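The structure under discussion appears below in the form of structure tokens.
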Amino acid sequence: MRRLLRAKDRMDAASHEAWPVPRLAKVSGVSEAHFARSFKDAFGVPPHRYLLTRRIERATALLRDTDLPIINIAFQTGWTSLGTFGRIFRDITGESPSELRSREQAAGHALEQVPHCFVSAAHRPDLTIAVSEKRRRDSTGNASGETEEVP
Amino acid sequence: MSQGVGVSGIYVHDQDEALVFYVDKLGFSVHTDARNGDYRWLTVQHPDQPTFQLGLFKPQQPTVDEATAATLNEVVAKGAMPPLVLVVDDCRASYDRFSKAGVEFTQEPIERYGSVDASFRDPSGNGWKLIQGR
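From first to last, the protein sequence lines stand for chains A and B.
For any residue, its number in the working numbering is found by taking its place in the first sequence, counting from 1, and adding 2.
For any residue, its number in the working numbering is found by taking its place in the second sequence, counting from 1, and adding 23.
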């Protein structure tokens, strides 16, 4: 369990990097099959989906706290295509990156007193279902093309 | 005497290991180490905080049953326990010192929000934020 946490910590520290299961299993010092299964058992979500929540959380923070162009945010948080980023971002948060930015920046916050990691954890999307499943449920019957969830 | 919180504890899966970590690596000192049979009341103290003790408690009988103890150890190992914050004068200097001592950092020092912060875990999985005082 402590070894699995090590893999999770590494994703937390560098969510913009690619974290395929073999790499994570190596960090944990366990077999790939064992890793994928036990990570989900321990943390409730498969590793790739956990990574996705960290990336969206990071992107949300950058949208809120900086004026960086959205394309830069997409690349900084680990996506290789602006289109994929925008689509998955909307699938998860229900808003486009620019919509979220204008709403958040209009709101104003008093989070300076809270240590950073707890603020970010509080803003992490709660991805209890796969993004493709969420997309299916949200879509009103229009057959949008299947997109791989793996970022 | 001063009033206020005197002891607050965290769960550790091995008290000997925790003692080495908090005393030898982080620079705390032992305040109380008292045993009664298998039970061990172990608290440590930060050198600058003589009125506060951090308890290093093992989930065990008789305070909890065996199954609960196993669950608690697992929860700690998952990193699911509440946040802990260690305030220091110089985050980067502490990071260097603690790293050399073998502390497992999960985030290197980052300057933001007018301060510098880093993250580390104790051997059981308790997560600490290392924050430079403002």
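Even glycine gets a Cβ: it sits at the ideal position worked out from N, Cα and C.
Predicted model only: the values in this text are computed from it and were never measured.
Close-in-space but distant-in-sequence residues of the same chain around residue i (CB under 7 Å, 5 per side omitted)
i: A/L102; result: T62, L65, T95
i: A/R5; result: S30, G31, V32
i: B/W64; result: T55, A57
i: B/E127; result: F143, R144
i: B/R157; result: G137, S138
Closer than 7 Å to chain A by CB, residue i
i: B/A57; result: no
i: B/G125; result: no
i: B/A141; result: no
i: B/A100; result: yes
i: B/T91; result: no
i: B/T86; result: no
i: B/G60; result: no
i: B/E40; result: no
i: B/T129; result: yes
i: B/E134; result: no
i: B/G27; result: no
Nearest-angstrom Cβ-Cβ length linking residue i and residue j, presumed shorter than 8 Å
i: B/R148; j: B/V108; result: The residue asked about is misnamed: residue 148 of chain B is Gly in this sequence, not Arg. Actually they are not in contact, since the Cβ atoms of B/G148 and B/V108 sit about 17 Å apart, beyond 8 Å.
i: A/A44; j: A/F37; result: Between A/F37 and A/A44 the Cβ distance is about 10 Å, and since that is not below 8 Å, they are no contact.
i: B/L79; j: B/Y118; result: At roughly 22 Å, the Cβ-Cβ gap does not stay under 8 Å, so B/L79 and B/Y118 are not in contact.
i: B/G102; j: B/P70; result: The pair is not a contact, with the Cβ atoms about 27 Å apart (cut-off 8 Å).
i: A/R56; j: A/M3; result: Going by Cβ atoms, the distance from A/R56 to A/M3 rounds to 20 Å, so no, they are not a contact pair.
i: A/R60; j: A/T79; result: 5 Å
i: B/V35; j: B/D145; result: 7 Å
i: B/Q76; j: B/V67; result: 7 Å
i: A/I58; j: A/F91; result: 6 Å
i: B/Y62; j: B/Q38; result: No, B/Y62 and B/Q38 are not in contact; Cβ-Cβ is about 10 Å, not under 8 Å.
For residue i, the three-state DSSP class (helix, strand or coil)
i: B/D47; result: helix
i: B/Y136; result: coil
i: B/F143; result: strand
i: A/Q107; result: helix
i: B/E40; result: helix
i: B/S31; result: strand
i: A/I94; result: helix
i: B/G150; result: strand
i: B/Q84; result: coil
i: A/V23; result: helix
i: B/T129; result: strand
i: A/L129; result: coil
i: B/V108; result: strand
i: A/Q78; result: helix
i: A/N144; result: Residue placement at A/N144 cannot be trusted, given a pLDDT of 49 that sits under 50; the coordinates are not used to answer.
Beta carbon proximity, residue i to chain B, threshold 7 Å
i: A/D67; result: no
i: A/M13; result: no
i: A/L7; result: yes
i: A/M3; result: yes
i: A/A44; result: yes
The ligand MG heavy atom lying under 6 Å from the CB of residue i
i: A/A61; result: You won't find the ligand MG in this model; it holds no ligand whatsoever.
Own chain residues within Cβ distance below 6 Å of residue i, not counting five before or after
i: A/T149; result: Reliability of the predicted coordinates at A/T149 is poor, the pLDDT of 46 falling under 50, and the value obtained from them is presented with this limitation in mind. There are no such residues.
i: B/P132; result: C114, R115, Y118, V139, A141
i: A/F41; result: L6, P49
Own chain partners of residue i with C-beta closer than 8 Å, once the 5 adjacent residues on each side are dropped
i: A/I73; result: L84
Interface partners of residue i on chain D, CB under 7 Å
i: B/G156; result: Protein chains A and B are contained in the structure displayed, whereas chain D is not.
> Along the chain, which unbroken stretches of the alpha helix (DSSP H) at least 4 residues long are found entirely within the stretch 45-71 of chain A?
Replying inline: 49-67
>> Extract the residue ranges of the beta strand (DSSP E) inside the stretch 48-78 of chain B, only unbroken runs of 3 or more that lie entirely within it.
In response: Taking 3 residues as the minimum length, the beta strand (DSSP E) runs contained wholly in the stretch 48-78 of chain B are 52-59, 62-68, in order along the chain.
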